[in-house]
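Peer 1: Pasting in a structure now, in structure tokens, and then I'll have a few things to ask.
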């Protein structure tokens with residue numbers, strides 16, 4: 069079973085994000101290559117979840133906010 073993928077890790081540069089093991093960057097166990105796979109926050113910035121296919125799914129997942137009626141005196 070896959071681990072839950074962290075959205076905003078505190079120190080993404082310390083881990084390899086290439087598989088579910090999340091190995092330390094200086095001690096990769098899976099042989100996923102000679103360099104670690106970067107976390108999307110390192111590649112695209114803190115707002116990496118606001119664009120792409122997953123962002124579209126998040127936009128349609130919840131109910132639309134309801135407007136409040138105007139306040140009358």
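Residue numbers (this note's numbering): 69 to 141.
All C-beta atoms in this analysis are idealised placements derived from N, C-alpha and C, irrespective of residue type, glycine included.
1. Spatial neighbours of residue 83 within its chain, please: CB distance less than 8 Å, with the 5 preceding and 5 following residues excluded, ordered by chain position.
2. How about residue 80 and residue 110: are their beta carbons less than 8 Å apart?
3. Give me the DSSP bridge partner(s) of residue 83.
4. Return the chain-ordered list of same chain residues with a C-beta closer than 8 Å to the C-beta of residue 114, the five sequence neighbours on each side being excluded.
5. What is the residue span of the alpha helix (DSSP H) that residue 110 lies within?
Peer 2: In terms of the structure at hand:
1. 77, 90, 91, 92, 93, 104, 107
2. yes
3. 92
4. 76
5. 108-112
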